[in-house]
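Asker: Take a look at this one; I'll ask things after.
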Amino acid sequence: MDYDEVNVKLQEIEELLDKLGKEHPKEISAFSRFLRETLDNKALTTREKELIALALGIAQGCEWCIYLHTQKALAAGAKPEELIEAGLVAVLMAGGPALMHLIPLVKAIENFGKGQKA
1 MDYDEVNVKL
11 QEIEELLDKL
21 GKEHPKEISA
31 FSRFLRETLD
41 NKALTTREKE
51 LIALALGIAQ
61 GCEWCIYLHT
71 QKALAAGAKP
81 EELIEAGLVA
91 VLMAGGPALM
101 HLIPLVKAIE
111 NFGKGQKA
């Protein structure tokens, strides 16, 4: 998957949220409020929360989540080694299928590491 394909996945997230925001504004508004409150720095930093979200995305096999949270974790100061380690924790907990979802993680790290802004 190249940089453009990663961007397509990220764009699909934006398009989905935009569409649902128009069709189901109360639900999406409530989710957005919950998201903002949960991601607010309290006991865990944004970097730590993004690493957790990345691991959960890998464990659940969500490519969109993997790209989004790789991007956000890097932006929050995570190092590529930390992303891989979070991915390996997901594999530890979720098994072999999660291992295969390290493929989009590695591709995302390579793409976001090129200095290109997604």
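Residue numbering for the sequence shown follows UniProt numbering, starting at 1 and increasing by one per position. Built from N, CA and C at the ideal position, the CB exists for glycine as well.
How long is the line joining the alpha carbons of E14 and L92, rounded to whole angstroms?
Answerer: Computed Cα separation, rounded: 31 Å.
Asker: Under a three-way DSSP split, which group does H24 fall into?
Answerer: Coil at H24, not helix or strand.
Asker: What is the DSSP secondary structure of K79, reduced to helix, strand or coil?
Answerer: Of the three classes helix, strand and coil, the one that applies to K79 here is coil, per DSSP.
Asker: Given a cut-off of 8 Å on the beta-carbon distance, is the pair A59 and A94 in contact?
Answerer: Closer than 8 Å, so yes.
Asker: Quick one: Cα of Y67 to Cα of L17, how far?
Answerer: One C-alpha to the other measures close to 16 Å.
Asker: Return the CA-CA distance between L99 and K107, expressed in angstroms with no decimal places.
Answerer: Rounded to the nearest angstrom, the two C-alpha atoms are 14 Å apart.
Asker: Find out if the Cβ-Cβ distance for the pair G87, L105 is shorter than 8 Å.
Answerer: Cβ atoms of G87 and L105: closer than 8 Å.
Asker: Along the chain, which unbroken stretches of the beta strand (DSSP E) at least 3 residues long are found entirely within the region 38 to 68?
Answerer: Correct list: empty.
Asker: So what's K114 in DSSP terms, helix, strand or just coil?
Answerer: It is coil, neither helix nor strand.
Asker: Could you give the residue range of the alpha helix (DSSP H) that holds G96?
Answerer: G96 to M100 is the span of the alpha helix (DSSP H), which, as asked, contains G96.
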